[in-house]
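Asks:
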């Protein structure tokens, strides 16, 4: 686009048939991953939107992060879509060849996954989660450094984050919090939860979670006009409970390191 000084590439998802509300949707209707490049004082800026199936999201996210790109949002666009489609937004600045290589890495990862399985997976790999939970709370509290609550063999911790909205102070009980809930057994556990972050902390949190193998399932806002601006990241992890807790501990530490650097 010469008028906007932008070069744009796209890769319509014609490899998997998607139906929305019972209708077979053509890629033209919004199923085309794209990346757009424009001049920037550091060389080039890229922005893009990756159209991904559930089993592609986290491998594609790791490919982006490992290539030096930022992941800025993850959400859905449709209801009643089969298979489920997610949209992951990316951004980066720097040398154009490095940015293009990063985008190519995402596209290649998508193709690699579909080459192994033509249809998207319907569940995470691994043994079924035990129906009756028996999580040991004390080791997790020690690792996380915070007291939590147990309920029917499950365990949960909540960490508040102060903010202000429309002149009123808000924190943990008003929903501005990071939380983690564990279920299953100590050796076959699931953890799900939410991370409350400033924009400057998002990439460090994403990198730490993906390094530990925890899946990111959403990145978005919960509020508007709050101060400071808070982003929320939802996640789902499988494995040994203590290993999952260690990844969360490392992520909390990475988040705090960004906070300290910002105050310096």
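Residue numbers (our numbering): 2 to 265. Glycine residues also receive a C-beta, built at the ideal position from the N, C-alpha and C atoms. Quick caveat: nothing in here was measured; it's all calculated off a predicted structure.
#1: Quick one: measure Cβ to Cβ for residue 232 and residue 198, integer angstroms, because I've assumed they're closer than 8 Å.
#2: Could you check the C-alpha separation between residue 201 and residue 138 for me, to the nearest Å?
#3: What does the alpha-carbon distance come out to for the pair residue 107 and residue 30?
#4: Would you kindly work out how many angstroms separate the C-alpha atoms of residue 82 and residue 20, rounded to a whole number?
#5: For the segment 51-66 against the segment 108-125, do three or more pairs of beta-carbon atoms, one drawn from each stretch, fall closer than 8 Å, so that the two count as touching?
#6: What is the DSSP secondary structure of residue 50, counted as helix, strand or coil?
#7: Quick one: using the 10 Å Cβ neighbour count with 16 as the cut-off for buried, is residue 183 buried or exposed?
#8: Quick check on residue 265: does DSSP put it in helix, strand or coil?
#9: Measuring straight from C-alpha to C-alpha, what distance separates residue 12 and residue 161?
#10: Enumerate in chain order the residues of its own chain whose CB-to-CB distance from residue 186 is below 6 Å, with the five nearest sequence positions on each side excluded.
#11: Pull the bridge partners of residue 217 from the DSSP assignment, please.
#12: Out of curiosity, what's the CA-to-CA distance linking residue 1 and residue 117?
#13: Between the Cα of residue 214 and the Cα atoms of 80, 193 and 7, which residue gives the shortest distance?
Replies: This is what the structure gives:
#1: As a position in the chain shown, residue 232 is number 231, starting the count at 1. As a position in the chain shown, residue 198 is number 197, starting the count at 1. Confirmed, about 5 Å.
#2: For this step, residue 201 is matched to residue 200 along the chain shown. For this step, residue 138 is matched to residue 137 along the chain shown. Distance between the alpha carbons of residue 201 and residue 138 is about 32 Å.
#3: Taking the first residue of the chain shown as position 1, residue 107 is located at position 106. Taking the first residue of the chain shown as position 1, residue 30 is located at position 29. Taking the straight line joining both Cα atoms gives about 21 Å.
#4: Here residue 82 refers to the residue found at position 81 when the chain shown is read from its first residue. Here residue 20 refers to the residue found at position 19 when the chain shown is read from its first residue. Each residue's Cα considered, the two are about 6 Å apart.
#5: yes
#6: Start at 1 with the first residue of the chain shown, and residue 50 comes out as number 49. Reduced to three states, the DSSP call for residue 50 is strand.
#7: Along the chain shown, read from residue 1 onward, the residue named residue 183 stands at position 182. So residue 183 counts as buried.
#8: On the chain shown, residue 265 is found 264 positions in, with the first residue counted as 1. Its pLDDT being 43, under 50, residue 265 is placed unreliably by the model, and nothing is read from it.
#9: Start at 1 with the first residue of the chain shown, and residue 12 comes out as number 11. Start at 1 with the first residue of the chain shown, and residue 161 comes out as number 160. Note on geometry: alpha-carbon atoms of residue 12 and residue 161 lie some 41 Å from one another.
#10: In the chain shown, residue 186 corresponds to position 185, counting from 1. Around residue 186: 131 and 135.
#11: In the chain shown, residue 217 corresponds to position 216, counting from 1. DSSP output for residue 217 lists 236 as bridge partner(s).
#12: Given a span of 2 to 265 for the chain in the structure shown, any question on residue 1 remains unanswerable.
#13: What you label residue 214 is simply residue 213 of the chain shown in a count that begins at 1. Checking every option, the nearest Cα to that of residue 214 belongs to 193.
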